[in-house]
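Worksheet for the structure shown next.
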Amino acid sequence: MSDAIEMTNISEQEMAAYISRAFSANSVKRMITEEDTLYHSEELFQKFGNILQAYASATGDLSNETIDSLAKDLHEHKDILRQPYDRNTRLEAEQIYFGKYVMPKIIENYAKKMKIEQPLSLSDSCKILAAVETSSKNNRFRTHSFNGALLPEIKKNGLDINKEMFTEEFNILSSAKMM
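When the count follows our numbering, it moves up by one through the sequence shown with no breaks and lands on 1475 for the last residue.
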């Protein structure tokens, strides 16, 4: 067992390529297109993007095998994501899903990297969780949604909150307590 582990820092370009590759994968396309409604397809699309980003940030693993594994799990266990807030555990459906299907993969990834055998001791668990925390902090990514009509402006001037183009809409939503 080794305490030292090399952290992987993922660039924005690498993450963008990974997300693009993931959503082009047959396993992901199948997961999304086999839904019964557009709403459910969009829901899985968004949740899968969040899962990919969180997993990659935590592990540095950008492999196709992981994309397929995460897509397979989400396809098979998507019903968990549609459950209401659990008042007993005080967890949202996404938190329950992540803890049950994603976090074990993250822990397994680190156990292999750190040459730690199962079952994990408390000390080993703490070492792995510290490594996950460090990797996640080193691999933070921000995304921004925008209407494609704004692409020329954004390409020319970049994203700048001081040039917000929807101030009137934002004010309306704010006054209606929707922001």
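Even glycine gets a Cβ: it sits at the ideal position worked out from N, Cα and C.
Remember, predicted model here, so these are calculated numbers, not experimental data.
For T1385, there is no enclosing alpha helix (DSSP H), as DSSP marks it with neither H nor E.
Shortest Cα-Cα distance from H1336 to any of S1307, I1301, S1365 and R1378 involves R1378. For P1415, no alpha helix (DSSP H) segment is defined, and its DSSP state is neither H nor E. When DSSP states are grouped into helix, strand and coil, L1334 belongs to the helix group. A distance below 7 Å between beta-carbons, with the five flanking residues on each side excluded, links Q1414 to the following residues of its chain, in chain order: A1407.
In terms of CA proximity to D1382, I1392 leads the group H1373, K1374 and I1392. Under the three-pair Cβ rule at 8 Å, the segment 1424-1437 counts as touching the segment 1354-1362. Pairing D1375 with Q1342, the inter-Cα distance amounts to about 15 Å. Across the structure, K1411 and I1402 are spaced so that their CA atoms are roughly 14 Å apart. Assignment of T1304 by DSSP, reduced to helix, strand and coil, places it in the coil class. In this structure Q1309 is exposed. Its beta-carbon is surrounded by fewer than 16 other beta-carbon atoms within 10 angstroms.
For the 8 Å CB-CB criterion, A1321 and D1364 form a contact.
Taking F1319 as the centre and dropping the five residues before and after it, the same chain places no C-beta closer than 6 Å to its C-beta. Cβ-Cβ separation between Y1397 and H1373: approximately 6 Å, consistent with a contact (criterion under 8 Å). DSSP places D1375 in no alpha helix (DSSP H); its state is neither H nor E. For A1407, the enclosing alpha helix (DSSP H) begins and ends at M1399 to K1409.
Taking the Cα positions, C1422 is about 21 Å away from N1305.
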